[in-house]
Amino acid sequence: MAIAVDFGTSNTVIARWNPVSESPETLALPGLSLSLATVPPLVPSLVYVEKPRADGVVVGQAVRDRGLDIPTDPRFFANVKRGIGTPLQGFLPDIDGETLSFEQLGEWFLRSLLTQVRTVAGEDDSLVLTVPVDSFEAYRLWLGDVATALDFKEVRLIDEPTAAALGYGLTGEQTLLVLDFGGGTLDWSLVRLVAPAQKQPVGFLLKWRGQGAEQTSAQKPEVARVLAKAGENLGGADIDHWLVEHFASQGISGGAVVQRLAERLKIALSEQTEAAEAYFDDETFDTYDLALTRDQFEEILTQNQFFERLEKGLTQVLQQGQRQGIDADAIDAVLLVGGTAQIPAVQRWVTERFGTERVRCDRPFEAVAQGALQIAQGLAVEDFLYHSYGIRYWDRRNNCHSWHPILNQGQPYPMAAPVEITLGASVEKQPSIELIVGELGAASTQTEVYFENGRLVTRQLSGDTPAVQPLNDREGARTIAQLNPLGFPGSDRVRVLFQVDRDRLLRITVEDILTGNTLLDNEAVVRLS
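Heads up, the sequence shown is in our numbering, so the first residue is 291 and it goes up one at a time.
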C-alpha cells in the first residue's frame, strides 16, 4: 500500500492509495489529526517534548488538546520544518540536559506519525515524501534518512508543487502553473502533463531502495514534465509576525499571546471583512482586544513587500518557461495550494493575472499529498536540477575561496554526456587532490535564519555573493585522487568527468593523465536537488 506525506510548516497531510476505489484518500490519525468537519484531517505540525527521546514527545492535535501549545513553554515547538537543514544564528533550549536540534524534533514528529500510519498500511508498503522546491540538499537527505530508518520498502521524493498539479486530478496534455503557499515556503512550479510515450519515460524522481527506477505498472504511465521552478522562505508564519509588529506599534505587546490571536485574525479574514479577538490572562489580569479589517490586513501585506515577492517569483518561473517556448497564455490552469494561498488578496492577485476561468483553489490542503501518490501508481516525472553546483577553488586575485560552476540550474537528468574538467597539483610533491562540491544558491534569494524574541525568523539578504552549501566538505569525502608519482605544479594531472544519473546522484570518474590509470570509476559523490 502506498503512503504519501506532505510535511508542512504549519500542518501535515497524510494520504494513502485505496486499492478498492483506486483513488487517493486522506488519513485521519486518532488523537493527532484535526477533527473539524470543515477541513480535511490535517495534523498540526507541533511537538511537545516531555522527555528528550522518540517515545517522550506529544505531537499533532494532541498538543493542543492537552493545552501544551503555550509559546513561552521551552518544551513546545512549532514551525520546526523551517530550521531543518539550515545554518542557524541562535539556539534551541536544552531539555533535561539534552541539546536538541530542529532535525531531531522533526524526526520525532515524523516518526510518531509514520509509526501510527504503519499500523494501517502494513509492512509491505512504499512511501512518497514531498519537499519544497527551494530546499537545500541537507533537508532532502534528512527527510530520506528519517523515512528509510523506518524500513519502508521504498521511499521517493517529489517537489510539492509538482505533486499538487497531479493532485488536482487534471489529465491529458496540459500546462499547469502551481502556487504552493503554506506556513513556511512560497513555491512556484510550471508543469506539463503529457500523454503516454511509446518509449520508457525518464523514471521516477527518486528511489532510495530497490534495483533502480523501473516502472511498477505494466501500463505506459503518463508523464509530468517539470518545466520551471522557483521558491523562497515566505509563508504564513511571516505574516503572523508582521501582524504582531502591527499591534506592537499600537502599544499591544503581549508577545506569544498576541501572536496566537494574530493568527486567528488572519484566518478569520479569509472568510469575513472584519475580525476581532479578545483574551484575558487570569495570571497577569491583562486583557487583549485585537481588531483588524481586511483592508488593514492587505495594507500590512503591502508594507512588507508581500506582493512584490509574489511578482518576483512569478516572473522568475515564467522567464524559465519562456526559454522553453512556454508563455503565460499557454498555461491551461493555475492551481493554488496551501493555507496562505487561501488569503483573498492572494487569490485576487492571481486572478487579475490569469483570469477567473483558469484559477483553481478548491483543493488547497490535500492536493499535494494525494498527488504524490500518483508517483507510486506508475506516473513518471521528468525533472531538472533546481540548483546550480560548483567546485571550490582558491581565488588568488581576491585571496579567498570561490566557486566554479560545473552544473547549471535547469540541467535535465539523467545527463546524456558528462561535464569534463582538468586539475593540476598546486604544491611540490603533492600526494593527493581534493575536490569540494557545493550547492550554489542565487545571490538574490539568500536567506538568513536567526532567533528574535524566542522566535525563529527567516530574512532575505541582498548581495553579489551566492549562498553556497558545501556537500562533501568532511573528513574522508574530499579526496578524489591519490597521486603516484607525487604531483608537481605546472601541468594538468587529472581529468574529472561529472555525470548526474536518473536517481539524481552526482557521479565522478577520475583519470590520471600522467599514468593513464582510472582512479575513480563512476563513483557516487552526493545526491543533488
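Heads up, the beta-carbon is just placed ideally off N, CA and C, and yes, glycines get one too. Only a predicted model underlies this, so the values are computations on that prediction, with no experimental measurement involved.
Considering only Thr563, Val624, Arg643, Gln660, the residue with the shortest C-alpha distance to Leu317 is Gln660.
With a cutoff of 8 Å on beta-carbon distance, Leu730 and Arg768 are scored as not near each other.
From the listed residues Ala527, Tyr569, Pro721, Pro634, the smallest Cα separation to Gln562 is found for Pro634. Excluding sequence positions up to five before and after Val481, its CB lies within less than 6 Å of the CB of Thr452, Ala455, Leu466, Ala514, Val516, all in the same chain and listed in chain order.
Fewer than three beta-carbon pairs drawn from the stretch 644-663 and the stretch 537-553 are found closer than 8 Å, and the two stretches are therefore not classed as touching.
Thr302 and Val333 have their C-alpha atoms roughly 5 Å apart. Counting the other CB atoms within 10 Å of its CB gives Val717 a total below 16, which places it among the exposed residues. Within the stretch 530-561, the alpha helix (DSSP H) runs of at least 4 residues that lie entirely inside it are, in chain order, 546-558. Judged by DSSP secondary structure, Glu598 falls within the alpha helix (DSSP H) whose first and last residues are 596-612. Residues of the same chain with a CB within less than 7 Å of the CB of Ala631, apart from the 5 flanking positions on each side, are Leu469, Phe471, Cys651, Pro654 in chain order. Here the stretch 331-349 makes contact with the stretch 388-396; the two share three or more CB pairs at distances below 8 Å.
Cβ-Cβ distances below 6 Å link Asp622 to Gln464, Thr465 in the same chain, with the five nearest sequence neighbours on each side left out; the list follows chain order. Nearest Cα to Ala568 within the set Ser479, Leu555, Ser560: Leu555. Contact annotation: the stretch 696-709 does not touch the stretch 762-777, with fewer than three C-beta pairs closer than 8 Å.
Here Phe570 is exposed, its C-beta having fewer than 16 other C-beta atoms within 10 Å. For Asp579, the CB contacts under 6 Å within the same chain, skipping 5 residues up- and downstream, are Ala568 in chain order. Relative to Gly526, the option among Gln540, Leu591, Ala566 whose CA is nearest is Leu591.
No residue range can be given for Leu440, since it is assigned to no alpha helix (DSSP H) and is classified by DSSP as neither H nor E.
Of Thr577, Leu417, Phe366, the smallest CA-CA separation from Trp307 is found for Leu417. In the three-state reduction of the DSSP assignment, Tyr703 falls in the coil class, being assigned neither a helical nor a strand state. Cα atoms of Val709 and Arg797: separation of roughly 11 Å, rounded to the nearest angstrom.
Pairing Tyr683 with Asp791, the inter-Cα distance amounts to about 25 Å.
For Leu582 and Ala566, the gap between their C-alpha atoms comes out near 6 Å. The straight-line gap separating the alpha-carbon atoms of Ala294 and Phe366 is approximately 26 Å. Ala368 sits in a strand when the DSSP states are folded into three classes. Between the stretch 436-450 and the stretch 590-604 there are fewer than three inter-stretch CB-CB distances shorter than 8 Å, so the stretches are not counted as touching. Between the C-alpha atoms of Ala620 and Arg648 there is a straight-line separation of about 11 Å. Cβ-Cβ distances below 6 Å link Val800 to Ile770, Ala771, Val784, Val786, Leu809, Leu810 in the same chain, with the five nearest sequence neighbours on each side left out; the list follows chain order.
DSSP, reduced to helix, strand and coil, places Ile665 within a helical segment of the structure shown. DSSP, reduced to helix, strand and coil, places Arg785 within a strand of the structure shown. Here Val347 is not near Arg356, since their CB atoms are 8 Å or more apart. DSSP places Glu656 outside both helix and strand once states are collapsed to three, so it counts as coil. Membership of Leu456 in any beta strand (DSSP E) is not indicated; the residue belongs instead to the alpha helix (DSSP H) covering 450-457. Note that the C-beta distance between Leu322 and Gln406 is below 8 Å. In the displayed model, Pro334 falls within a strand according to three-state DSSP. By the Cβ-count criterion, Asp793 is buried, with 16 or more other Cβ atoms from all chains shown falling within 10 Å of its own Cβ.
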